[in-house]
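The structure appears right after this line, and notes come after that.
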Amino acid sequence: MSKFIKINEITISSDHYIGGQRVAAEHYLEVFSPIDGQVLGQVANGSPSIINQAIEAAERAFPAWAALSAAERKVYLDKFADEIGKRADEFALTESTDAGVLFSRMQHGVVGRAQLNIRHFAEHALRLQNHSIDTKQAEHLVRHDPAGVVVIITPWNAPLMLSTWKLGPALASGNTCILKAPEWAPCTSSLLADAAQAAGIPPGVFNVVQGTGLESGAGLVADPRIARVSFTGSVPTAKLIAQSAAQNLVPCSLELGGKSPFIVLASADIDNAAATAALMYRNAGQVCLAGTRLLVHESIKDEFVEAMRAYVEALNVGDPRDPATEVGPIIHQRQVERVAGFIERAKAAGAVVLWGAEKHPFGELYFKPTLLTNVKQDDEIVQNEVFGPVLTLQTFSHDDELIAMANGTDYGLGGVCYGEQQHATEIAKRVRTGFIWVNSFGIRDLEAPFGGIKRSGIGREGGNWSFEFFCDIKDVVVPKKPFRASFSQR
Ligand code: NAD
């Protein structure tokens with residue numbers, strides 16, 4: 001029998017969405033809200049039979065969807081984006097309730113971005129369809145053929161944004177998709193299925209499989225019928241996925257964790273840098289691209305810390321649905337314990353607490369924004385991703401020392417560099433990451449490449465990079481003069 005989750009007046013199907021229909025599960029998992037730890041309801045878990053049904057449905061739908069022109073697919077995808085827009089408040093309240101993301105941020109940023117993710121890549125696909133290279137001998141018609149059935153796996157910290165960012169290019173280029181929703185925040189993926197159905201996306205083109213990583217994700221990735229795996233999540237899971245996909249030589253795109261440097265040069269606008277540094281506590285620090293290692297020139301350390309303290313003390317920690325809240329809850333009790341464990345071990349290794357380092361009185365899953373100093377480069381707290389509201393502060397005296405610290409972890413996702421623009425830009429070029437913001441933070445464009453190096457990932461998303469991953473690139477060579485075979489031909 002079908003099950004539902006109710007969030008205020010919003011009814012969310014707990015079931016899978018396969019071949020254009022809701023499919024009930026044999027087993028269901030409990031879903032909690034991080035706002036108060038209360039059970040929201042149940043969500044379907046996966047099984048070998050569900051995985052098989054989803055892949056069969058996506059395979060059946062593939063030939064017809066792939067045969068459409070990019071313009072024809074765009075008509076469907078624009079409707080899909082419209083349907084997401086019609087449900088904007090539902091998406092915002094739902095993700096705020098099941099993932100703890102700020103409602104105001106969902107309403108004013110994320111839902112619009114989700115629509116743009118779909119529209120933008122549908123538009124971009126039109127340009128790819130006529131790509132050709134004209135040479136003296138021949139015209140090379142460079143085709144971006146859809147790869148087939150694509151599996152998309154997302155984490156719980158930004159499910160709507162991350163899933164649509166992958167679905168946009170995957171669907172626009174003619175693939176059929178199976179979205180594996182995150183088990184701790186499964187609800188907006190289910191709402192996406194409603195939006196796709198209302199938009200008339202043909203059955204099987206977009207499917208949602210709910211459930212755990214082990215029971216749903218691993219089975220999908222291991223199946224030889226899959227053409228691509230696009231994954232965002234943690235490093236340990238990525239290693240399992242890469243190993244499994246390697247058995248079938250299936251390409252994987254891996255967007256992983258970070259331990260990004262936030263650099264403040266002696267020439268920086270200290271107040272501006274401090275205000276941005278306080279932003280790193282957004283989403284309770286559960287943001288892959290946050291600059292969590294503050295690297296501050298020793299000459300301005302005290303002034304910077306006091307400026308930042310003022311911004312941090314003014315932060316409102318509380319219910320993410322309240323428009324005044326700036327820092328919401330941590331997703332799960334397990335994550336709270338993980339954050340507290342990191343802090344305890346750091347303190348035992350000599351770290352000094354500048355602020356925070358304890359639970360926030362607002363509730364069980366709320367943690368105070370924390371800054372630790374007196375940490376060493378090889379300390380666990382400097383080397384490993386906490387994924388909570390915990391930053392570290394280290395100082396440097398010259399550029400080479402700074403670069404060694406900035407590059408001195410296994411991660412290489414992003415970075416921030418505040419200082420006189422030219423100097424900051426030069427430093428930014430020397431930091432080994434996939435992207436870095438100079439005197440700014442969070443400026444993104446769907447045409448620009450996004451992704452990490454080292455343990456932060458393999459592959460890039462955005463612009464052509466997304467299409468190169470989701471497509472089989474093929475060169476159809478049409479000679480300009482009549483061609484006659486000859487052994488002397490080179
Ligand atoms: P996770 O790796 O535990 O889970 C991510 C997803 O993978 C979930 O849907 C989960 O069910 C699934 N999964 C787990 N085991 C699997 C398996 N064996 N096979 C297939 N799927 C499996 O990550 P998380 O805790 O949900 O998310 C936090 C992590 O995500 C952090 O490390 C964070 O930095 C990272 N992240 C990265 C980006 C980025 O763009 N680089 C963005 C957001 C989050």
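In terms of our numbering, the sequence shown opens at residue 1 and continues consecutively.
Positions of the beta carbon are idealized from the N, C-alpha and C atoms, including for glycine.
Just so it is clear, the structure is predicted and the values come from calculations on it, not from any experiment.
Contact between the segment 216 to 235 and the segment 139 to 151 is present: 3 or more CB-CB pairs across the two stretches fall below 8 Å. When the alpha-carbon of residue 259 is set against those of 198, 387, 84, the nearest one is in 387. The beta carbon of residue 357 is closer than 6 Å to those of 343, 370 in its chain, skipping five residues each way along the sequence. Residue 186 and residue 98 have their alpha carbons spaced roughly 8 Å apart. Not one heavy atom of the ligand NAD is found less than 8 Å from the C-beta of residue 471. Taking residue 380 as the centre and dropping the five residues before and after it, the same chain places the C-beta of 342, 345, 346, 349 closer than 8 Å to its C-beta, in chain order. Of the candidates 211, 164, 314, 211 places its Cα closest to the Cα of residue 48. Between residue 431 and residue 452, the C-beta spacing is not below 9 Å. Between residue 375 and residue 351, the CB-CB gap stays under 9 Å.
By the CB criterion at 9 Å, residue 208 and residue 181 fall inside the cutoff.
Distance from the CA atom of residue 80 to the CA atom of residue 70, rounded to whole angstroms, is 15 Å.
Take the alpha-carbon of residue 464 and the one of residue 447: they are about 7 Å apart. At a cut-off of 8 Å, the beta-carbon of residue 216 counts as near the ligand NAD: some heavy atom of the ligand is closer than that. Every beta strand (DSSP E) of 3 residues or more that sits fully in the segment 243 to 304 is shown, in chain order, as 252 to 255, 260 to 264, 291 to 297. Taking 8 Å as the cut-off, the C-beta of residue 437 does not count as close to any heavy atom of the ligand NAD. Distance from the CA of residue 330 to the CA of residue 95, rounded to the nearest whole angstrom, comes to 14 Å. The DSSP-derived three-state label of residue 110 is helix.
The closest heavy atom of the ligand NAD lies less than 8 Å from the beta carbon of residue 180. DSSP, read as helix, strand or coil, puts residue 194 in helix.
Distance from the CA atom of residue 419 to the CA atom of residue 45, rounded to whole angstroms, is 49 Å. Between residue 382 and residue 395, the C-beta spacing is not below 9 Å. Straight through space, the alpha carbons of residue 269 and residue 404 are spaced by roughly 23 Å. With fewer than 16 other Cβ atoms inside 10 Å of its own Cβ, residue 364 counts as exposed. Residue 117 sits buried, since 16 or more C-beta atoms from the chains shown fall within 10 Å of its C-beta.
The criterion of a C-beta distance shorter than 9 Å is satisfied by residue 164 and residue 192. For residue 339, the three-state secondary structure derived from DSSP is helix. For residue 238, the distance from the CB to the nearest heavy atom of the ligand NAD is below 8 Å. Per DSSP, residue 160 has no beta-bridge partner at all.
At a threshold of 8 Å, residue 157 counts as near the ligand NAD, since its beta carbon sits closer than that to one of the ligand's heavy atoms. When DSSP reads this structure, residue 207 sits in a beta bridge with 178. Under the Cβ criterion (8 Å, minimum of three pairs), the segment 24 to 41 does not count as touching the segment 139 to 146.
When secondary structure is reduced to three states using DSSP, residue 13 falls in the strand class.
Between residue 146 and residue 173, the beta carbon gap of about 5 Å places them in contact (Cβ cut-off 8 Å). Residue side-chain check: residue 265 keeps its Cβ at 8 Å or more from all non-hydrogen atoms of the ligand NAD. Note on geometry: alpha-carbon atoms of residue 398 and residue 297 lie some 8 Å from one another.
Straight through space, the alpha carbons of residue 33 and residue 264 are spaced by roughly 37 Å.
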